[in-house]
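Visitor: For the sequence shown, the working numbering assigns the number 222 to the last residue and increments by one with no breaks.
Every residue gets a Cβ at the ideal spot worked out from N, C-alpha and C, and that includes glycine.
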Amino acid sequence: MESVLRALTIYLILLVLLRLTGKRTLSQTTTLDFVLLLIVGEATQQALLGDDYSITNSLLVIATLMLTDRAADWLQYRFRAVARLTEGTPLILVEHGRPLQERLRRENISIEDVLAAARQHQGLLDLSDIEYAVLERTGGISIIPANRS
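#1: With C-beta atoms as the reference, is L250 less than 8 Å away from T141?
#2: For S183, count neighbouring C-beta atoms within 10 Å of its own C-beta (all shown protein chains included) and say buried if the count is 16 or more, exposed if not.
#3: Exposed or buried, R79, counting other C-beta atoms within 10 Å across all chains shown (16 or more means buried)?
#4: Quick one: Cα of S131 to Cα of Q118, how far?
#5: Output the distance between the C-alpha atoms of I165 and I112, rounded to the nearest integer angstrom.
#6: Can you find a CB in chain B that lies within less than 8 Å of the CB of E204?
#7: Check this for me: beta carbons of G170 and S201, under 8 Å apart or not?
#8: In the structure shown, what three-state DSSP assignment does S201 receive?
#9: When the Cα atoms are used, what is the spatial distance from A136 to P163?
#10: Report the option in I128, T104 and E180 whose CA atom is closest to the CA atom of T211.
#11: If you follow the beta strand (DSSP E) that S131 is in, where does it begin and where does it stop?
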């Protein structure tokens with residue numbers, strides 16, 4: 074039972090910590106992010122298993138985490154408020170070619186990040202060519218080009 078409680082506790086703590094670090098954390102993995110992920114993985118493994126490194130305990134922890142993840146997915150599907158809490162909502166970063174500085178600053182996104190997404194996804198080179206840039210729940214930036222009729 075202790076292993077199940079450990080797994081649930083670690084799952085919830087990591088969910089909160091990842092949510093607090095922002096959407097872009099999971100979208101763009103740098104070398105530093107990867108190193109941090111390895112360290113967190115090792116620390117989490119120790120916290121999950123405690124002193125019991127048996128196969129049975131490991132399988133119990135894995136099963137608990139998988140069931141918890143499925144339950145979280147179901148709750149997000151069933152209750153919109155849970156999805157907003159755990160995944161966030163899309164956020165407009167650029168509107169009618171004008172960057173919304175406070176939102177960019179709050180999400181730690183530069184104009185260069187937005188322009189890179191515009192080049193990669195739409196072939197756009199200038200902010201004036203962007204009708205909307207949206208930070209999606211997944212951390213990616215979607216670009217809606219301006220109509221230039």
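Guide: Looking at the atomic coordinates:
#1: Residue 250 lies beyond the stretch modelled for the chain, which goes from 74 to 222, so this question has no answer here.
#2: The residue you call residue 183 lines up with position 110 of the sequence shown. Exposed.
#3: The residue labelled residue 79 in the question sits at position 6 within the sequence shown. Buried: at least 16 other Cβ atoms inside 10 Å.
#4: Taking the sequence shown and counting its residues from 1, one reaches residue 131 at position 58. Taking the sequence shown and counting its residues from 1, one reaches residue 118 at position 45. Rounded to the nearest angstrom, the two C-alpha atoms are 10 Å apart.
#5: Within the sequence shown, residue 165 is the residue found at index 92, counting from 1. Within the sequence shown, residue 112 is the residue found at index 39, counting from 1. So the alpha carbons of these two residues sit roughly 33 Å apart.
#6: The structure shown contains no chain B; it holds only a single protein chain.
#7: Reading the sequence shown from its first residue, position 97 is the one you call residue 170. Reading the sequence shown from its first residue, position 128 is the one you call residue 201. Cβ atoms of G170 and S201: closer than 8 Å.
#8: Taking the sequence shown and counting its residues from 1, one reaches residue 201 at position 128. Here S201 sits in helix by DSSP.
#9: The sequence position of residue 136 within the sequence shown is 63, counting from 1. The sequence position of residue 163 within the sequence shown is 90, counting from 1. For A136 and P163, the distance between alpha carbons rounds to 32 Å.
#10: As a first step, residue 211 must be located in the sequence shown, where it is residue number 138. It is E180 whose Cα lies nearest to the Cα of T211.
#11: Reading the sequence shown from its first residue, position 58 is the one you call residue 131. Segment I128 to R151 is the alpha helix (DSSP H) holding S131; no beta strand (DSSP E) there.
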